[in-house]
Structures are given as C-alpha cells and as structure tokens.
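First residue of the sequence shown? That's 359 in my numbering, and the numbers climb one at a time after it.
Think of the CB as a built atom: it goes at the ideal place given N, C-alpha and C, for glycine as much as any other residue.
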Amino acid sequence: AVAEYSGAKQLGSGGVFKELLSQGNALIYNAVTADEIDAFAMADAGSLFTFDGFTFQGVSGTTMTLGYVKADLTPGTVNIRYYTNWSDLALVAANYSVGDALPAVNFILYNFRDGLKQLDVLNIPTLATAIEALDDSVDAAITYVYDPVYEYHFESSVKTGNNIHNEYLQSVLLAANPADMYQGVMFDLARFLGALYRAAGSTIVAIEYDGIEYTWNETVGLLGSNWVDESEETPVTLVSVIVDDFQAMVLTDTVNLKLMDVNGIIYNLEITFNIDMDLDQAVIDVLVDAVSYEYTPTYTYLANSVVYDDYAMYSEYYQSVLDAANPLDPLEGIMFDMARYLGAVYRVTGSDITTIVYDGVEYTWNETLGLLGSNWAYYDEVLMADVTLVSVIVDDFQAMVLTDSVPLTFRNASGHEVAVALEFAIVSETVNYTQDFAFLTTATTSYSTSVQHTDSNGFAWDLLGRQNVGSWMLGNAADLSFIQVTAQGGISSISFDVVRAFTNTNVRSGEVFVNGVSVGTFNVDVNSDVSQIITFENINVSGEVVIRIVTTSPGSRGAYNVDNISWMNYNA
359 AVAEYSGAKQ LGSGGVFKEL LSQGNALIYN AVTADEIDAF AMADAGSLFT
409 FDGFTFQGVS GTTMTLGYVK ADLTPGTVNI RYYTNWSDLA LVAANYSVGD
459 ALPAVNFILY NFRDGLKQLD VLNIPTLATA IEALDDSVDA AITYVYDPVY
509 EYHFESSVKT GNNIHNEYLQ SVLLAANPAD MYQGVMFDLA RFLGALYRAA
559 GSTIVAIEYD GIEYTWNETV GLLGSNWVDE SEETPVTLVS VIVDDFQAMV
609 LTDTVNLKLM DVNGIIYNLE ITFNIDMDLD QAVIDVLVDA VSYEYTPTYT
659 YLANSVVYDD YAMYSEYYQS VLDAANPLDP LEGIMFDMAR YLGAVYRVTG
709 SDITTIVYDG VEYTWNETLG LLGSNWAYYD EVLMADVTLV SVIVDDFQAM
759 VLTDSVPLTF RNASGHEVAV ALEFAIVSET VNYTQDFAFL TTATTSYSTS
809 VQHTDSNGFA WDLLGRQNVG SWMLGNAADL SFIQVTAQGG ISSISFDVVR
859 AFTNTNVRSG EVFVNGVSVG TFNVDVNSDV SQIITFENIN VSGEVVIRIV
909 TTSPGSRGAY NVDNISWMNY NA
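Below, the structure written as structure tokens:
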C-alpha cells in the first residue's frame, strides 16, 4: 500500500501504484542560502531543501509568509499555501510573532504563483518536540510546590491551550493586603514565573516580554522569579517591569510572554486574570436596590430612566418634564430625586450603608432630622448645627462646582468603601409626530384644490392638489402639487405612505424638502395598488422646520395618493 512508503506525500492525478521498490529510504535535504532561495526557478521545483534562516512574517487566510535576508541585506519572502495542512506550521502560527526567527525548515519548491515563490513545508524537525517540552514545562510550573509552601491567592486557575486564566476574589486579595488589592496578583505571577524555571525538567532558559529578553540569574536571590534583563547596567527584573506596566495601565488583565528553550524555540504563553469584586458588589447591590425602593406616601421620580453601569448611577431626564415641574428652576427636580434616592439607600431592605463621603466629609444617618428623603448629615462644630449632604450638594451645583456628576463614596457596616458617581443628563424627549388625512371628509376633482389645516400639535399644514376622502392626491409636476407643514422641534427622519391613484403605469415620482433643501427623491410603484412606505433618515435639522413633499411626476396621469405622514423630532 502507498501508506507503507515512508515519506510519500502525493501521487499525480491519474497515477496507478504498480510496485513498492523500496521502503524507509532516508530523505536527503540540500542546504540552501537565502540568495539561492531568492534565485529559485521552476527547474528547482520538487527538490528537497533545508534552510536555517527563515523568519515568520504572518498569515493571511490559508497562506503563511516566511521571510529571509540575502547576503547584501536585501529582504525577500516566500509563501506557503494551505499552511494549516502542515502541523509544524500550525505550531508556528500559534507561537510565533512577526519577525521571530524559525529553526531549520525542510521544504520543497512547489510552484510560482502571481510572481511569488510557493513552498510545501515537509517539516521543521525540532519544532514539535521542543514546543511540547515547553508546554510540559508550563504544566510542571503550575503544579510546582515551593519550600516553604506558597499559597496562591486565586480561587481557580485553568490552562486552555496556550492560555492560563486565574480567577480571584476581591475579598481574598484585600484580606492579604487591604492597601493594595493587586499585590496578591503580582505575588502569584512572580511565584509562577519562578516555577517556570524551578520545576523539574523545565526547558525554559529565557522569557521575552515586550521585546526584551530576560534570563535567569540565581544571584538575585528572590523567592519567586529571578528572570532579569542583563542588558542593563543594573539587572532589571521581569516582575518589576510587569508591575510598572500594570500601575501605568499599559496592562490591565493580560500578560503575554514568549518562553524560549536553549535552541530559541518559542512558546507563546498568555496569562489572564479576572477579579470578582465581591465586596464592591455587596455595596452596589444596595445602591441598585435603592432605585426601586417605594416610599409611603409614594414618591414619583422625575427621571425618565435610572441605570447603573461601571460604578456610576446614570439618571436621564427630559427637559420638558423638569420644566413642567418647576419652570423657574428645572434643576430642582433633579435635586429632589437625588434626596429621595439617597434616602432610599439607607431605607431599602438589606441596606448596611453607614456612611457617605462627599468632598472629604463623612455624612451619617440622622433620623432626628425627620426629612422625607435623605437624612445624611454631619455636625458642624462652628455652626453648632447639622449640615445635610443634600444641602451641600445643592450649594455646589448652584456654585457650578458640580454640573452633571456627584462623586460619592459609600461605606458599609464592614468598613468597605465603594466610590460611585451619581450622574445626570438632560435630554430632549423623542417625539414621533404623525398626521393622517382623516380630517378630509369630501373629495374634489381639481388638482388646484388648496387646503389649510392646523393639527393637534398646533402645526400649520398647507396642501395643494386633489382632495380625497382620507388622503391627499398629488398630480403631475405641471400641477405644482405639494404637501407642506411648518413644525417645531426639528426633524431627524420622515416616512409616509404612497400608492398610485389610477391603474395606468405612467411614471410617478416625488421629492422631499426640509427648509428648502432636498433630502431625497422617491418613485411610486406603478404596478401595485398596495401602499408602499417611503422613508428618509438622518435628516437631523433642529428648530422650526418646513417639511414639503412635492410631485415630480412627468407627463400626464401620474397622480398618486399620500397618507400617514410621520416624522421624528430632532435636537442638536
């Protein structure tokens, strides 16, 4: 069988296997230089070659690109189509970055395509074994036990492929160091990096991070990681660089490392972590529950919506609602809502909030104040009186110290503090204006019929064309038919129904203008008696607008009916 032939890769299409002449012959690869690769011609196709000098240049679709540099320093590239068919190249794609040097590659010249040299890579002899050994080294590091024993802070650690993911609890990390929650994460990382070298049988001799290579220096004498950058006058530890990057927010939850063996084989390791903010969540749960707290008698919030997201309680208000509540001071409604919400933070079932800190001052609950909403206050020794939190915030809004956000810190009975901002936004209410022609109760036969109408919003309509019962007919362009409305509140989009007025298939068309500027043209389906909806979006004109629909039907008998005009308001 063909399968018995060692090294057999492919039979030509239509070939018939006749006889097995030999088995197990050693393959002989001809060593080539970059200059020889650059000079490859079709005569070289099918020969076996080996080259130690390729660099990984990336993948695109199913094609991998390898680079080389000639003796005169001129770069060149070759392609491998369907690189995923070759297991060694799949390892390269998973572990190597652009520019990384590959070990010796055994290949044949396969083809010239679009002026590019194409290879089939038979193997990279040392790669699979070396990467497997590096992967085993990572596994050994995970189970490595220090003496004395080091207890990792994470709740769970899972290795999937080239990724290690650690899950932490905020409560555990803060118990280890109340002043620095992330210290435990960095301690764990340092110990794991040390285990990468210390674990029995490890083949890791260097670690590359952010383009810098770190090697092991036992004289550093740290309990965990002794990986250092020896290129500096004073050796710099890998862990110190990673810690600095976390503090500078260059890193947030992921560390990417290249682990290398003595031959420079690369294993890409990604370490990720997540912190379950369980202590914060206990406080946040109270703040969220407070939104739905019901007062007796009932208090109706003016906010259109209240949403918690990422340490902010975001309240949205319609300007019209605030104006209706107090035309002289629309801000008053927001302050009333805030007072009731802060009161609910204390009153809601399950609350253990004992203190609110604002602008460096601590406010505690004082039931004797007897306010319906918030009774958070502090005692002013100078004034010899209680000062409420709400009164201070109101003063800061009036003084423009605050505009749309109140930064507060909430402390619970366990002493845990969480900073959450109360944020406000005032928006214009989204209004959909709709006008049908139900007020038209009689029909006319003339296309010069003129009708003026004021709708329920107080908007003025001016119609020229032919009046139907319940719709308006636009004639031909020569008839100058139009529908026009002068409205307040702007326009962001408009839609309306159109349908041919007669069964002929003459062309019917129209155009829509806002304040004299065309927003688009439309054509009416001349083969259907079913209404079609015409829509124009992203008009976005604010203030008073004049909306005009005109006919542009050429020739004669191109009339069509218009009904159900609808548009959305817009405020810049």
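**Asked** Looking only at its own chain, which residues have a Cβ that is under 6 angstroms from the Cβ of L467, when we skip the five neighbours before and after it?
**Response** F398, D402, A403
**Asked** Which same chain residues, not among the five before or five after T442, have their C-beta less than 7 angstroms away from its C-beta?
**Response** T420, A448
**Message:** Relative to the C-alpha of Y540, which candidate in G457, L760, T610 has its C-alpha closest?
**Reply:** T610
**Prompt:** With which residues is V444 paired in a DSSP beta bridge?
**Reply:** Residue identity differs from the one stated: residue 444 is Trp in this sequence, not Val. The partner list for W444 (beta bridge, DSSP) is empty, contrary to what the question assumes.
**Message:** For the pair the stretch 513-532 and the stretch 573-592, tell me if three or more CB-CB distances fall below 8 angstroms.
**Reply:** no
**Message:** Output needed for A429: all residues of its chain with C-beta closer than 6 angstroms, excluding positions within five of it in sequence on either side, in chain order.
**Reply:** D393
**Request:** Out of R858, R824, D753, L531, state which residue places its alpha-carbon closest to the alpha-carbon of V764.
**Result:** D753
**Prompt:** Which residue comes first and which comes last in the beta strand (DSSP E) that contains I841?
**Reply:** 840-845
**Asked** beta strand (DSSP E) containing E781: first to last residue?
**Response** 775-785
**Message:** What residue range does the beta strand (DSSP E) around D820 cover?
**Reply:** 818-825
**Item:** Buried or exposed (CB count within 10 angstroms, at least 16 for buried), N927
**Value:** buried
**Message:** Is it buried or exposed, G718, if we count other Cβ atoms within 10 angstroms and call 16 or more buried?
**Reply:** exposed
**Asked** Apart from the five residues just before and just after G913, which ones in its own chain have a Cβ nearer than 8 angstroms to its Cβ?
**Response** N834, N864, V865
**Request:** May I ask you to list the residues that DSSP assigns as paired with L766?
**Result:** V778
**Item:** Endpoints, the alpha helix (DSSP H) within which Y666 is located
**Value:** That residue, Y666, is in no alpha helix (DSSP H); its beta strand (DSSP E) goes 663-666.
**Nearest to G848 (by Cα), restricted to the options T788, P685, E739** = T788
**Asked** In chain order, what residues of the same chain lie with their CB nearer than 6 angstroms to the CB of D634, ignoring the 5 residues before and after it?
**Response** L527
**Burial state of I386 (16 or more Cβ within 10 Å)** = exposed
**Asked** How many Å lie between F840 and V884 at the Cα?
**Response** 19 angstroms
**Asked** Are at least three pairs of beta-carbons, each pair with one atom in the stretch 705-724 and one in the stretch 648-657, less than 8 angstroms apart?
**Response** yes
**Item:** Local Cβ density within 10 Å of L730, reported as buried at 16 or more and exposed below that
**Value:** exposed
**Where the alpha helix (DSSP H) containing G933 begins and where it ends** = As displayed, the chain neither begins before 359 nor continues past 930, which places residue 933 out of reach and without an answer.
**Contact the stretch 744-763 vs the stretch 692-700: 3+ CB pairs below 8 angstroms** = yes
**Prompt:** Taking the C-alpha atoms as reference points, what is the distance between W830 and S900?
**Reply:** 27 angstroms
**Asked** Where are the beta strand (DSSP E) runs, 3 residues long or more, that stay fully inside the stretch 464-505, in chain order?
**Response** 474-481
**Asked** If you draw a straight line from the alpha carbon of N388 to that of A498, how long is it in whole angstroms?
**Response** 38 angstroms
**Request:** Determine which residues share a DSSP beta bridge with G868 and list them.
**Result:** F880, T909
**Prompt:** Of all the options F694, D643, E566, H811, which has the alpha carbon lying nearest to the alpha carbon of A670?
**Reply:** D643
**Prompt:** Helix, strand or coil for I522 per DSSP?
**Reply:** strand
**Asked** Does the beta-carbon of N453 have 16 or more other beta-carbons within 10 angstroms, so that it is buried, or is it exposed?
**Response** buried
**Message:** For the stretch 484-501 against the stretch 616-636, do three or more pairs of beta-carbon atoms, one drawn from each stretch, fall closer than 8 angstroms, so that the two count as touching?
**Reply:** yes
**Request:** Put T799 into one of helix, strand or coil per three-state DSSP.
**Result:** coil
**Item:** Per-residue burial, A845 [other beta carbons within 10 Å of its own, 16 or more giving buried]
**Value:** buried
**Segment contact flag, the stretch 666-684 with the stretch 725-742, C-beta cutoff 8 angstroms, min 3 pairs** = no
**Burial state of A859 (16 or more Cβ within 10 Å)** = buried
**Asked** Any chance the stretch 907-925 sits against the stretch 867-884, with 3 or more Cβ pairs inside 8 angstroms?
**Response** yes
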